[in-house]
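Let me begin by presenting the structure, written as C-alpha cells, before commenting on it.
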Amino acid sequence: MKIALLGAESTGKTTLSEALAQRLRTRGHRVETVGEVLREWCVREGRTPRPEEQLPIAQEQERRVHAAAARADIVIADTTSLMVAIYSAMLFDDGTLYHFALERQRGYDLTLLTGLDLPWVADGLQRDGPHVREPVDALVREALAKAGVAYRVVYGTGEERVGNALAPVLELLGERPVSVGGTRWKWACDKCSDPECEHRLFTGLK
C-alpha cells in the first residue's frame with residue numbers, strides 16, 4: 277500500500293507521516309516513510325531550485341517511493357511529485373510537470389490532504405509565508421479533482437489528527453478503525469472545494 281501525504285507548507289505532513297508510521301508498526305505492519313526530496317535538496321544546496329531542476333527532484337521523489345514499496349508493506353510518502361509540479365507552476369509559470377506528477381499520483385492507494393487548521397511556522401528555505409497556504413491548498417484540490425484522484429482531508433491537532441489520518445488507512449486494510457475525538461475526515465466533495473466551508477462542516481461534527 278502506498279499512502280501520499282499532500283498539503284501546503286506548515287500543515288504537519290512530516291510529523292503526521294512519522295506518527296502514522298509508528299501507529300501502523302505497532303499493528304505489525306512493515307512501514308517505510310519517504311521524506312521530501314525538495315526539502316533535502318534545499319538544505320544541501322542552500323537555495324531553492326531553478327526551473328530546470330524541478331523535474332529531476334520530482335523524479336527522485338517518485339523513485340524513492342517506488343524503491344520503498346519493494347521493501348515494505350506500507351509506504352508513507354511525505355509529499356509526492358505533485359507538490360513539486362504545483363510549486364513549479366506557481367513560481368515559474370511552468371505546468372509541464374503536471375502530467376508526470378498526476379500519472380504517478382494515480383498509483384497511490386490513498387491520498388491524504390493535510391488541512392490548514394495548524395498555525396504557520398517558519399522553517400528554513402521553503403517557507404514562503406502563510407499567505408501562500410490557501411492558494412497551494414486550492415491548487416492541490418483542483419489538480420486532484422481534474423485527474424479524478426480521490427482524497428481525504430485530515431484536520432485536528434495532536435493525537436486527534438493522527439487518528440483521523442489512521443482511520444481511512446485502517447479502512448483500506450480492513451482493520452478495526454480507531455476511535456478519535458471527532459469525525460474530521462471525509463471523502464472530498466466533488467462539487468465544493470472551499471476549504472473554509474469544509475472546515476466548518478467537520479468542526480460542526482465534533
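Following the working numbering, the numbering of the sequence shown begins with 277 at its first residue and continues without gaps. Ideal Cβ positions, reconstructed from N, Cα and C, are used throughout, including at glycine.
Beta-bridge partners of residue i, as assigned by DSSP
| i | result |
| --- | --- |
| Arg323 | In the DSSP output, where bridge partners are listed per residue, Arg323 has none listed. |
| Val430 | Thr390 |
| Val351 | Lys278, Glu308 |
Segment limits, beta strand (DSSP E) that includes residue i
| i | result |
| --- | --- |
| Glu308 | 307–310 |
| Ala280 | 278–282 |
| Ala343 | That residue, Ala343, is in no beta strand (DSSP E); its alpha helix (DSSP H) goes 330–345. |
Classification of residue i by the beta-carbon crowding that lies within 10 angstroms, buried from 16 upward
| i | result |
| --- | --- |
| Lys278 | buried |
| Ala398 | exposed |
| Pro327 | exposed |
| Gln298 | exposed |
| Thr433 | exposed |
| Asp349 | exposed |
| Glu451 | exposed |
Residue range of the alpha helix (DSSP H) that includes residue i
| i | result |
| --- | --- |
| Ala295 | 289–302 |
Beta-carbon contacts of residue i that lie in its chain and below 8 Å, excluding the five residues immediately before and after
| i | result |
| --- | --- |
| Leu373 | Gln330, Leu331, Ala334, Ser357, Val360, Ala361, Ser364, Ala365 |
Other residues of its chain near residue i: CB distance less than 6 Å, five sequence neighbours each side excluded
| i | result |
| --- | --- |
| Asp280 | Going by the sequence as given, residue 280 is Ala instead of Asp. Cβ neighbours of Ala280 beyond the five flanking positions: Ala353, Thr356, Tyr384, Thr387. |
(request) Return the chain-ordered ranges of every beta strand (DSSP E) run that is complete within the stretch 361–426 and spans a minimum of 3 residues. (result) Correct list: 386–390.
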